[in-house]
Each structure stands twice: as C-alpha cells, then as structure tokens.
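The listed protein sequences derive, respectively, from chains Z and V.
Residue 11 in the working numbering sits at position 11 of the first sequence, and the numbers go up by one each step.
Positions in the second sequence are counted from 1; adding 107 to them yields the working numbering.
Glycine included, each C-beta is placed from N, C-alpha and C at the ideal position.
Because the structure is a prediction, the values reported are computed rather than measured.
Here the structure is laid out as structure tokens; the discussion comes afterwards.
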Amino acid sequence: DIQMTQSPSTLSASVGDRVTITCRASQSISSWLAWYQQKPGKAPNLLIYEASSLESGVPSRFSGSGSGTQFTLTISSLQPDDFATYYCQHYSSYSPTFGQGTKVEIK
Amino acid sequence: QVQLVESGGGVVQPGRSLRLSCAASGFSFSSYGMHWVRQAPGKGLEWVAVMSYDGSNKYYADSVKGRFTISRDNSRNTLYLQMDSLRAEDTAVYYCAKDSILAAMSPHYFDYWGQGTLVTVSS
C-alpha cells in the first residue's frame, strides 16, 4: 500500500499567517491527491482535489500544489475558522489512504 | 441537497457482529461508488471499503479484509457494512462517503460525508 506522511503533525499559527502543510507519498501518485479539513466532532470537508483544484465553495485562500510524491496545502492568510485538522488522501490505487493529519492550533 | 445518514452503531462485544446502514438522498445513488471510512477516538482517518456504483467491484482495507462486507441496495438508496468478528481496534466513528466521480469503477476522493455512527467494541 502507498503510505502518506504529513508534516508537521501540529502547527501553531496566528490569524493572518501564511500556513503550509506538506504531504509525501511513498511512491508516485501523479496528481491523485485530495485535502480535507476536519473540525472536532464533525465529518471531514473536501478542500482540494487532483492536487490543486479547489472544491466549489471553498475559500480561495486555500490552495494546493505538487505532483509525484511531494504535495503542499497552503492557507494564504489564516482565519479563525481555519483552526482545524487537515488530512491528505491519495486515490491512485484501489486502496486509498490518508495522511496522519496536521492540527493547526492558535498560537 | 446531498444527505448521507448512518445508523446501526452501538456497543458490541468482541467477536460479535454489527451491521451499519447509510441512507442516501439528494443525488443519483445508483450512479456513484460509495465508501466507508472510520476514525478511532482521537486518531486519524482510515479508509475501510468501497463498492462501485453497480455493485460489481468492491475493495477493502487489509485491516478488515475477510471480516467486513460492503453491500448496497440501489432500489433503497442504502449502503451497508456488515462487520463480523469485531475486535477492540475496530472501535471508531464510521462514516459513509460518496465517491466524487460518476460511474467510476475505482476509488477517488470523497465529496460528501455523513455525520458518522459510533461503534464501540468492548466486553
């Protein structure tokens, strides 16, 4: 199975900061990568698909980039609503897997 | 609007069985693959299983292969997960999720999720 590794596991930031989360795949997944946001007690919410395509309704401060094995999720200016946990997920095989998550905390 | 409502969770003893259901509405259920994804308390997301839109293909995570069975009834717009030989490590919130791609035969990303149902395996 393809393993997904996110870094950092926890990130402390302030409102207005630019935040970058990295996701690395154990082998090439082309651009078959999605990003989700999850708040406590809620289901995940799709942010980005195909590595860089913004899901409808998601604020433009979220962006994704990368291909192959290295990917990033960037929040250009962190807002109070963005404090949450973020997960990457590959879908390049019959066994999709998630990264372990990155919790974005208030500094 | 798309709605996915899971049910069937609860407390069950190790080795016993449980069946989860996911009632779908607001989209053409028979045209999309459907997934189960779980999240153990305080842990990350783990994909569990997928069934293609027509029921012809199904895939499982290694951690549940041989114990869990995914199925669907397109006439009832309902997805199921039969969980047998349950273990303590199966304790989690189980989400059903809609695949994003129309009539796909392989998994993609998940564009809609249910609210989840909690399964606790404990003696």
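In its chain, beyond the 5 residues on either side, T20, T22, S65, G66 have a beta carbon closer than 6 Å to the beta carbon of T72 of chain Z. Interface residue (Cβ-Cβ distance to chain Z less than 7 Å): G151 of chain V is classified as such. The residues L125, R126, L127, S128, T224, in chain order, have a CB closer than 7 Å to that of G115 of chain V in the same chain once the five nearest residues on each side in sequence are set aside.
For S53 of chain Z, DSSP records a beta bridge to Z:Y49.
Per DSSP, Y219 of chain V is one residue of the beta strand (DSSP E) stretching across 217-220. In the structure shown, the three-state DSSP call for A195 of chain V is helix. Contact between S138 of chain V and Y160 of chain V is confirmed by a C-beta separation of about 5 Å, below the 8 Å threshold. Put simply, of Z:V104, Z:D1, Z:E55 the residue whose alpha carbon is nearest the alpha carbon of E153 of chain V is Z:D1. Here A168 of chain V has E153, W154, V155, A156 as same chain residues with Cβ atoms under 8 Å from its own Cβ, once five neighbours each way along the sequence are excluded. Taking a 10 Å sphere around the C-beta of Q146 of chain V, we find 16 or more other C-beta atoms and assign the residue as buried. At the C-beta level, G101 of chain Z and Y87 of chain Z come within 7 Å of one another. By the Cβ rule, the segment 172-192 of chain V does not count as touching the segment 77-87 of chain Z, because fewer than three pairs are nearer than 8 Å. Going by C-alpha positions, L193 of chain V is about 12 Å away from T176 of chain V. For R179 of chain V, the beta-bridge partners assigned by DSSP are V:L186.
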